[in-house]
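The sequence shown runs 43 to 491 under the numbering used here. The beta-carbon is built from N, C-alpha and C at its ideal position, and this holds for glycine as well.
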Amino acid sequence: PPSVHSSQLCPVLSSTHTLHFTHELETSYTMGTSSSKESVRSTLSTPFVQWQGIQRTQCDAPPPLPPPGAVPPPPPPVEKSANESKDAAAASTTTAAAPPPPPTAGGGEDDSIANAAAMVSSVPNPGPYEQASMDCKRLTSLDTFDGMRVDINKQLSPFMAVVHSFWLGTSMIPDGRNRTYTFLTQVADEAGLLMARIDPERGSVDGRIHRALLGGLAMGKLQMGVSAPGGDEQQAANDQLLAELDFGGMTWTGNLKYGSMGGGLVFGCNYFQSITPRLAMGGEGMYISANSNLLSNYSLKYTMPVSSPSDEDDDADDSIAAAAKKQEAAPGSLEAAAGAPTATMVANYNSAQGLLALNYKRDVTPNRVTLGAELQCSPMTLDSQVLVGAEFKLTRSKMSLCVDGTGKVQSCLETKLGMQPGSPTLNFSAELDHGKDSMKFGYGINIDG
43 PPSVHSSQLC PVLSSTHTLH FTHELETSYT MGTSSSKESV RSTLSTPFVQ WQGIQRTQCD
103 APPPLPPPGA VPPPPPPVEK SANESKDAAA ASTTTAAAPP PPPTAGGGED DSIANAAAMV
163 SSVPNPGPYE QASMDCKRLT SLDTFDGMRV DINKQLSPFM AVVHSFWLGT SMIPDGRNRT
223 YTFLTQVADE AGLLMARIDP ERGSVDGRIH RALLGGLAMG KLQMGVSAPG GDEQQAANDQ
283 LLAELDFGGM TWTGNLKYGS MGGGLVFGCN YFQSITPRLA MGGEGMYISA NSNLLSNYSL
343 KYTMPVSSPS DEDDDADDSI AAAAKKQEAA PGSLEAAAGA PTATMVANYN SAQGLLALNY
403 KRDVTPNRVT LGAELQCSPM TLDSQVLVGA EFKLTRSKMS LCVDGTGKVQ SCLETKLGMQ
463 PGSPTLNFSA ELDHGKDSMK FGYGINIDG
């Protein structure tokens, strides 16, 4: 009965009692009258089913565990109404009939990054033509001086700076003076710069104006040098005004020149193109109307990765894998920009002078030790000159050495006097020419304000 607790029902409704009760009802149904049969039928259909339901739902005992290895029965289906069944069938029909949406071309962040990466060329920009061999020549053409140099830099604002330069006790000024003073000021921003240098004793002014044009696609430059009237005639003849336009693309650069120099008009242009990630070549031409000279020179630059001393200590397989990885890295790639050692060779031929120059630079230890060499020869006269240079960078100092074939030795030492930014820099310079039996020494200091 419903009033009986489930804990009392479970032992009563055991399998033995259930079978005995069912057998008695079946015997009564077989031997009884029609009314008794109807009573038995109602008893079989109602009370026993209710007890059977009570046994199934109200028993607190856990159900028996399935035998090992038996597959669990599937969950019973959830009964749905007629409307829900129709909606589910319609939705499944629509989903099955509709094709998947096609992928959108260039849509999404991943596609945008992939398209941008595909547009980037593996061939880097070679840079300006004038700077093709500058990185190699700085090792064999040192800025040595004699006497005393003092440069005082003052930052007046984030955009403006001034420099006071003194050079005392020197014999290297072309006009024979042994001292000089110049004042330089510069204003720079993201779009360009303006610079002016004044020499009060000579009465000369030099100026430069650089400005970005066409939204940064080109750079306009204006260079001028003027002297005071009544000064040296030779100096006045050197007054010049030169306008330049720099432009380029992802793998090339170009330059156009027009102005007045040496008392006549000047026309010039140059072009520098990267052929492969390692090879770049170009040329320059200039016409000077004052003496009707046509000047031209041609350059070829090749950059290649080299193995560092640490790679030689590795196993053969590791060395081969490292060399293969460096071979795949382009000079303008992230591997080269990360500080991998490289070697650069530059060949330049000047047709006006008939001079062939070969420059070589190698990074022995990146940002530490760099070696360079230069060979100059004239194919017509077979005259030649060789120079060898080295640069050593330490924590707060830099040492540069250069020796040429005539026995001339040049050296420069630059060291910081403090660890803080803007600390003074002390410079020492020496030049010994054993062939001419001459010696020059100089020292200087650079003070930042």
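Pair within 9 Å by beta-carbon distance, residue i and residue j
i	j	result
S420	Y340	no
G449	D490	no
L236	R221	no
C444	G460	no
G484	F187	yes
T293	P466	no
A322	G304	no
P168	S316	yes
I240	L226	yes
E416	L398	no
V411	F434	yes
D193	N488	yes
F314	G296	yes
K440	E456	yes
D177	K403	yes
V308	M328	yes
M346	T386	yes
H252	G245	no
Q418	L400	yes
Q228	V205	yes
L342	V388	yes
Beta-bridge partners of residue i, as assigned by DSSP
i	result
F201	For F201, which the question treats as bridged, DSSP gives no partner whatsoever.
C311	L298, G327
I240	F225, V247
S439	T457
S426	C419
I215	I215 pairs with nothing; no bridge assigned.
V192	F208, I487
H252	L235, K263
F289	A260, G296
R404	A385, L413
A472	S453, F483
L342	M323, A389
L398	Y391, C419
D446	L429
A270	Answer is none; A270 lacks a bridge partner.
S316	A322
G306	M303
A332	Answer is none; A332 lacks a bridge partner.
As assigned by DSSP and simplified to three states, the class of residue i
i	result
Q173	helix
S154	helix
Q369	Any reading at Q369 needs caution, since the residue's pLDDT is 45, under 50, leaving its predicted position unreliable; the model's value is listed next. DSSP places Q369 in helix when its eight states are reduced to three.
L459	coil
L4	Residue 4 is absent from the structure shown; the chain starts at 43 and stops at 491.
K482	strand
G477	coil
A363	Reliability of the predicted coordinates at A363 is poor, the pLDDT of 48 falling under 50, and the value obtained from them is presented with this limitation in mind. DSSP places A363 in helix when its eight states are reduced to three.
Nearest-angstrom Cβ-Cβ length linking residue i and residue j, presumed shorter than 8 Å
i	j	result
N312	S175	Not a contact, Cβ separation roughly 13 Å.
C454	D185	7 Å
Y223	P242	7 Å
T182	G414	6 Å
M202	G486	Between G486 and M202 the Cβ distance is about 24 Å, and since that is not below 8 Å, they are no contact.
R320	Y300	34 Å between Cβ atoms; not a contact.
D405	T437	Going by Cβ atoms, the distance from D405 to T437 rounds to 18 Å, so no, they are not a contact pair.
A260	G234	Going by Cβ atoms, the distance from A260 to G234 rounds to 11 Å, so no, they are not a contact pair.
Interface flag, residue i vs chain C, CB-CB below 9 Å
i	result
N390	Of the protein chains in this structure there is only one, and it is not chain C.
ask   = Are three or more beta carbon pairs between the segment 250 to 269 and the segment 281 to 288 nearer than 8 Å?
value = yes
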